[in-house]
Amino acid sequence: MIYDALVAPFTDFEFMRRALAAVIGLAIGGAPIGVFLMLRRMSLVGDAMAHAILPGAAIGFLLSGLNLFAMTAGGLIAGFAVAILAGVVARNTELKEDASLATFYLASLALGVTIVSIKGTNIDLLHVLFGNILAMDDQTLLLVAINATITLAVLAVIYRPLVIECVDPLFLRTVSRAGAPAHLAFLALIVVNLVSGFQALGTLLAVGLMVLPASIARFWSRDITGMMMIAVVSAMLSGYAGLVLSFHSKVPSGPAIILVAAALYVVSVLFGSVGGMVRQLFPAPHLEA
Amino acid sequence: MAAQLHFHDVTLGYDRHPAIHHLSGEIASGTLLAVVGPNGAGKSTLFRGIVGILKPLAGKIGLGNLDVRDIAYLPQSAEIDRSFPISVFDFTGSGLWRSTGAFGGLGRRERAKIVEALAAVGLNGFENRPIGTLSGGQMQRMLFARVLLQDADVIVLDEPFNAIDAKTSADLLDLVQRWHAEKRTVLAALHDMDLVRAHFPETLLLARGAVAWGATSQVLTADNLAKARQMCEAFDDGAVACAADALPQRAA
């Protein structure tokens, strides 16, 4: 019975196994990025980036049909262009990162919509918008796996400058020139993971598997390592539970995954061991010193 | 002793308005220099210029053969995100950046150094505390521990004893004296004239330009202090381009 509900979908159907593999790959790459987005107060920047890559993907789609690599390349180019331009403007002028990013992603979005409405049909574009994690082919799985690997490797290299730039940006500037390159590499990683995610969850929800697990993790751990572990695990858990939920109901898979993550988030806000609201209502007695 | 920092007719400021105006002079290696002056006199601006965060509007700051990243700088209001989940140990360890770099590991020797630095500022046992749990004074002690680890030839401290109790400032002042004894060049922006008179052999009295610069007893006279206080702090929005600059003449 329990086996039928929780395991059988994956043993019986290959598309479910592929979907699970994709979700695990996305969790491993995306969740640590999400933790840094949260710590750098950039969670909404991730959302903006997701919008920024949409026109690139649409252009790729219009130029060569539903070709995965064309769409991915288009998304990467649009995302990198917006991320790097916004980063360069923010670092060299008075305009802050959020404002410059908003400007660039809106321009990118407008450009994409213009091109689509002049040239395209929008039937298959729904696929780009909302993704389809139940249609993961070899190419896509490979892309997700490669992106997760790249993410972890690059994150390991830029980890220290990234952390110190979060805590004490002025100090980093006085001891090292690594701050700006690390930040740009981090923006690039956001794009790479969004591109991975939009095959599975679509451009609109891809950022969900990055941001929600990070917010969940904040309620269960006080240090970055712990947060990243918990974020990865909760992303995987959301992915698995979302797939099961979608298999047994009419809920589409992408939204199901994000809804499960949102439910975990609510539980964490209420009962999390680090500052959960219910925990705060019943504080442990204070210590002697 | 050889000069370590040279100021060649330096003007530093914001939006073309000078906060340091035509400062020239030099600071010898091993100097313990107090930089004093009223609020808005340009102390912080001068320090920001020395560590390269602010580019001079005119003139040049020479560092000899020193890399700007080898100057340890403790800003007045550190932009530290105190809610960031990092331990006192890890945070202080970032002071070793110049030797470990972005990717170098922390071996047993480095770990011992960090523990030693924390002990030197009286923060033994704080290693695993998140930085957000420190009080203001403990925070300042931790920042001094990081400066200690930077092992820099030139140390620039911007109002290091602000909002710090007597015990803590006495402890931290001991560190400053230790650095001086180790022949490091130490610059500190300060407001407590008694403290300057007691512990700092040389003083630069700033009010956009140098009002007086030299031995502390000759600089901190009632006359000089009054003169410094009169210097106007506000920018003049209608100011014209400074004729002393070799810039193209043009009304601002």
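Top to bottom, those sequences are chains A and B.
Under this note's numbering, the first residue of the first sequence carries the number -3, and numbering increases by one thereafter.
Under this note's numbering, the first residue of the second sequence carries the number 298, and numbering increases by one thereafter.
The C-beta atom is built at its ideal place from N, Cα and C for all residues, glycine as well.
Small disclaimer: the values here were computed from a predicted structure and weren't measured.
Asked                                                                                                                      : Found
Contacting residues, own chain, Cβ-Cβ under 8 Å from L445/B (five flanking each side not counted)                          : G392, A414, A417, V418, L472
With 16 other Cβ atoms within 10 Å as the buried cut-off, status of K340/B                                                 : buried
Residue-level contact to chain B via CB, S230/A, 9 Å cutoff                                                                : no
Contact belief for V365/B with M490/B at Cβ below 8 Å, rounded distance in angstroms                                       : Contact doesn't hold; Cβ gap of about 30 Å is too wide.
L476/B - DSSP class collapsed to helix/strand/coil                                                                         : The question names Leu, yet the displayed sequence has Trp at residue 476/B. Helix, per DSSP.
Secondary structure of G222/A, DSSP reduced to three states                                                                : helix
Proximal chain B residues relative to I29/A, where beta-carbon distance stays under 9 Å                                    : Residues of chain B passing the Cβ test: none, with the nearest at roughly 17 Å.
Cut-off 8 Å between Cβ atoms - residues of its own chain near I428/B, not counting five sequence neighbours on either side : I377, R379, F381, I383, S384, V385, F388, M436, M439
Residues sharing a beta bridge with P315/B, DSSP                                                                           : G310/B
Coarse secondary structure for V85/A, derived from DSSP in three states                                                    : helix
For W216/A, the three-state DSSP class (helix, strand or coil)                                                             : coil
Cut-off 6 Å between Cβ atoms - residues of its own chain near A144/A, not counting five sequence neighbours on either side : G21, I24, G25
Close beta carbons around D462/B, own chain, < 7 Å, minus the five adjacent residues each side                             : G434
Selected residue, minimal CA-CA separation from V150/A, among T170/A, H179/A, T110/A                                       : H179/A
At least 3 beta-carbon pairs within less than 8 Å: the region 199 to 207 of chain A vs the region 29 to 45 of chain A      : yes
Residue-chain proximity (L391/B, chain A), Cβ-Cβ < 9 Å                                                                     : The question names Leu, but residue 391/B in the sequence shown is Ser. Answer yes: the Cβ-Cβ gap between S391/B and chain A drops below 9 Å somewhere.
Within chain B, the residues that R218/A reaches when beta carbons sit closer than 9 Å                                     : P382, P427
Test: A178/A CB closer than 9 Å to a CB of chain B                                                                         : yes
Reference S514/B, options M528/B, E499/B, G506/B, I350/B, closest by Cα                                                    : E499/B
Supposed close pair H496/B, Q474/B - CB separation, criterion 8 Å                                                          : 7 Å
Entirely enclosed alpha helix (DSSP H) segments - the region 405 to 449 of chain B, minimum 4 residues                     : 405 to 417, 433 to 447
Where N421/B falls, given that 16 or more other Cβ within 10 Å makes a residue buried                                      : exposed
Environment of R37/A [buried if 16+ CB atoms lie within 10 Å]                                                              : exposed
CB-CB length for L503/B against L343/B, believed under 8 Å                                                                 : 7 Å
Test: D520/B CB closer than 9 Å to a CB of chain A                                                                         : no
Cβ neighbours of L168/A in the same chain (closer than 8 Å, five flanking residues each side left out)                     : P157, I160, E161, A174, G175
Counterpart residues of F388/B in DSSP-defined beta bridges                                                                : None, per the DSSP bridge assignment.
Sheet register partners of T465/B (DSSP bridge)                                                                            : Its beta-bridge partners do not exist; DSSP assigns none.
8 Å Cβ cut-off: residues of chain D touching A399/B                                                                        : In the displayed structure, chain D is absent; the protein chains listed are A and B.
Strand pairing of F304/B, partner residues [DSSP]                                                                          : G322/B, I358/B
Coarse secondary structure for A331/B, derived from DSSP in three states                                                   : strand
Outcome for S286/A when other beta-carbon atoms lying within 10 angstroms are tallied against a minimum of 16              : Nothing can be reported for residue 286/A: it is not among the residues displayed for chain A, which extend from -3 to 285.
At least three beta-carbon pairs within less than 8 Å, the region 98 to 108 of chain A to the region 45 to 63 of chain A   : yes
Nearest-angstrom Cβ-Cβ length linking A369/B and V453/B, presumed shorter than 8 Å                                         : 7 Å
Meets three-Cβ-pair contact criterion under 8 Å: the region 265 to 273 of chain A and the region 214 to 222 of chain A     : yes
Per-residue burial, Y311/B [other beta carbons within 10 Å of its own, 16 or more giving buried]                           : exposed
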